[in-house]
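Encoded as structure tokens, the structure appears first; notes follow it.
Numbering (the numbering used here), first residue to last: 434 to 539.
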């Protein structure tokens with residue numbers, strides 16, 4: 434079962450965030466979801482962006498891990514074999530925009 438709990442940019446509300454993300458090309462998905470061994474983050478970044486960050490936080494807001502990503506698009510595979518089961522929030526930050534979603538680890 435795939436669950437895409439992506440939410441949108443934190444800039445100016447959901448509707449504006451959706452529009453800005455589409456205009457600038459900021460996208461991220463997490464698969465499989467729920468996950469047991471790894472999570473593959475497939476991302477698309479705005480043009481001419483030197484580097485962006487994917488951060489992972491628990492539901493209390495504590496950062497668990499973060500990864501630098503670059504290029505217009507790509508995939509980052511997160512090894513979760515040593516991560517506790519639970520719900521985590523992932524956030525892609527690039528050029529002042531953010532795209533967030535939830536991933537479940539079993």
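Virtual Cβ for every residue (Gly too), placed ideally from N, Cα, C.
- Cβ-Cβ separation between residue 485 and residue 503: approximately 7 Å, consistent with a contact (criterion under 8 Å).
- One Cα belongs to residue 461, the other to residue 515, and the distance between them is close to 23 Å.
- In this structure, the beta-carbon distance from residue 473 to residue 510 falls below 9 Å.
- Inter-residue distance for residue 533 and residue 505 is about 18 Å (C-alpha atoms, whole angstroms).
- The C-beta separation of residue 513 from residue 470 comes to about 7 Å, placing the pair in contact by the 8 Å criterion.
- Membership of residue 520 in the beta strand (DSSP E) is indicated by the continuous run 519–527.
- Look at the stretch 459–506 and you find no whole run of alpha helix (DSSP H) that is 4 residues long or longer.
- Nearest neighbour of residue 497 by Cα position, chosen from 479, 517, 539, 526, turns out to be 517.
- Among the bridge pairs identified by DSSP, residue 513 is matched with none.
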